[in-house]
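Peer 1: Before anything else, here's the structure in question.
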Amino acid sequence: MDERQRLIEHLYSREGAEEELREYRHPATGESVWMTPGQWALAEYDREHSDAAGNGVAAPEDAAHDAGIGTGDIDDTPASSAEAEDAASPSPGTGSRRARRRKAVPYLAAAGGLVLGALVVLGAQGVVGTVWGPDGTGGAASSGTADAAGPTTGPGNGDEADTLEAVTRYFASAPRIDDLSADVTRGFDATSFHLVAGSVMMEESSAIYAARRLDGEYCLVAVTDQGRAAETCATMDDLARRGLTLTKDAVRDLDGRPLAITVIWQTDGTISWEAMPSAG
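Here the sequence shown stands for residues 207 to 486, numbered as in the numbering used here.
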């Protein structure tokens, strides 16, 4: 077994899943990043081999996909007072799971940063999306069998211009997906689909994308082998104020462990995702 495979297997082992996030410094940018020790070890391995490949040999495009981490602008700011209170008296398992598995997708990759991906195979079970309306409540998107996720984005500062700038950067910099069917992209700008969470291994059965509709709304879209499974959308104003959330049942490819993948489009325009154990 080569070193990289060993690091990947540790990352998705029981021990790796229970590692807590720690603060590290990105060696190229000096930015603060939050990763588990297993994620950092894999990122360092890929960075070293990417540097070695810089002398005329292209580095692998999916260098950070297996780690499920971002090494650019990580949106992991200190928790708000409300979040701190939740952490002090969490519901069973909620705080530790959130701390272990929270991942952030940079809307603009830092120089020398690696592309973020997710080492999960998203299954075709329940799909639930939630759009936060003017009254702060959630509404379930089409399709799915699970309950709607609770509020995770919260009211933002409503600065639509800043959010629009962040979203524009994300769509300009994140890898674009061009091979989706016409049925999937109908009603959307077909060139706007960007993968947020999906499989990078075998049985690539479904994924979650950020995309823009032809009417100008921004969406999180779940796509399976059968087509578009669910979507949740908002205007730029609503996105800046309340964000978007989409939750998808998943199965981890390594051991078949059921997970719930939640993608959150934050009010500041950044996109994050987290994987938490699921009852299946």
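We put the CB at the ideal spot given by N, CA and C, even for glycine.
Do the region 381-394 and the region 462-474 touch if we need at least three Cβ pairs shorter than 8 Å?
Peer 2: No contact exists between the region 381-394 and the region 462-474.
Peer 1: Can the beta-carbon of R492 be found closer than 8 Å to that of T473?
Peer 2: Only positions 207 to 486 of the chain appear in this structure, which leaves residue 492 out of reach.
Peer 1: Between A249 and H255, what straight-line distance do the alpha-carbon atoms span, to the nearest angstrom?
Peer 2: Computed Cα separation, rounded: 10 Å.
Peer 1: Would S478 be called buried (16 or more neighbouring beta carbons within 10 Å of its own) or exposed?
Peer 2: By the 10 Å Cβ count, S478 comes out buried.
Peer 1: Report the three-state DSSP secondary structure of D208 (helix, strand or coil).
Peer 2: Note: D208 maps to coil in three-state DSSP.
Peer 1: To the nearest angstrom, how far is it from the Cα of G422 to the Cα of S379?
Peer 2: In a straight line, the C-alpha of G422 is about 19 Å away from that of S379.
Peer 1: Taking the alpha-carbon of R212 as reference, which of P483, A247, A388 and A481 has the nearest alpha-carbon?
Peer 2: The residue with the shortest Cα to Cα distance from R212 is A247.
Peer 1: If you drop the 5 nearest sequence neighbours on each side, which residues of the same chain put their C-beta closer than 7 Å to that of L401?
Peer 2: P381, I383, A413 and Y415, listed in sequence order.
Peer 1: Taking DSSP as the reference, what is the three-state secondary structure of G360?
Peer 2: With a pLDDT of 43 at G360, under the threshold of 50, the modelled position of this residue cannot be trusted; read the value that follows with caution. Looking at G360 - three-state DSSP - the assignment turns out to be coil, as it is neither helix nor strand.
Peer 1: Excluding sequence positions up to five away, which residues of its chain have a Cβ less than 6 Å from the Cβ of T397?
Peer 2: Hits under 6 Å: none found.
Peer 1: Going by DSSP, what residues sit across from A436 in a beta bridge?
Peer 2: Note: A436 sits in a beta bridge opposite A428.
Peer 1: Suppose contacts are defined by Cβ-Cβ distances below 8 Å. Is T438 in contact with L450 by that definition?
Peer 2: Taking 8 Å as the Cβ cut-off, T438 and L450 qualify as a contacting pair.
Peer 1: Could you say which of W471, M241 and V373 lies nearest to L452 if we only look at CA atoms?
Peer 2: When only C-alpha atoms are compared, the closest one is W471.
Peer 1: With DSSP as the reference, label A234 as helix, strand or coil.
Peer 2: It is coil, neither helix nor strand.
Peer 1: Determine the extent of the beta strand (DSSP E) in which D389 is found, giving its start and end residues.
Peer 2: Careful: D389 lies outside any beta strand (DSSP E), inside the alpha helix (DSSP H) at A388 to T391.
Peer 1: My output table needs one value for E398: the three-state DSSP class, helix, strand or coil.
Peer 2: One detail in the question is off: residue 398 reads as Ser in this sequence, not Glu. Helix at S398.
Peer 1: So what's I383 in DSSP terms, helix, strand or just coil?
Peer 2: Reduced to three states, the DSSP call for I383 is coil.
Peer 1: Distance, Cα to Cα, D431 vs L445?
Peer 2: Looking at the two C-alpha atoms, the distance is approximately 28 Å.
Peer 1: Identify, in the order they occur along the chain, each residue of the same chain with its Cβ nearer than 8 Å to the Cβ of E371, setting aside the five sequence neighbours on each side.
Peer 2: Hits under 8 Å: G475.
Peer 1: Below 8 Å on the Cβ atoms is my guess for F394 versus R419; work out the distance and round it to an integer in Å.
Peer 2: About 5 Å; that satisfies the 8 Å criterion.
Peer 1: Which residue or residues does DSSP assign as beta-bridge partners of R419?
Peer 2: DSSP lists F394 as partners of R419.
Peer 1: Just the C-alpha distance for R228 and Y251, rounded to the nearest angstrom, thanks.
Peer 2: Rounded to the nearest angstrom, the two C-alpha atoms are 17 Å apart.
Peer 1: Only counting the same chain, and skipping five residues up and downstream in sequence, which positions put a Cβ closer than 8 Å to that of V429?
Peer 2: Answer for V429: L386, V390, S412, A413, I414, Y415 and A435, listed in chain order.
Peer 1: Considering L450, what are the terminal residues of the beta strand (DSSP E) in which it resides?
Peer 2: Its beta strand (DSSP E) spans residues L450 to V457.
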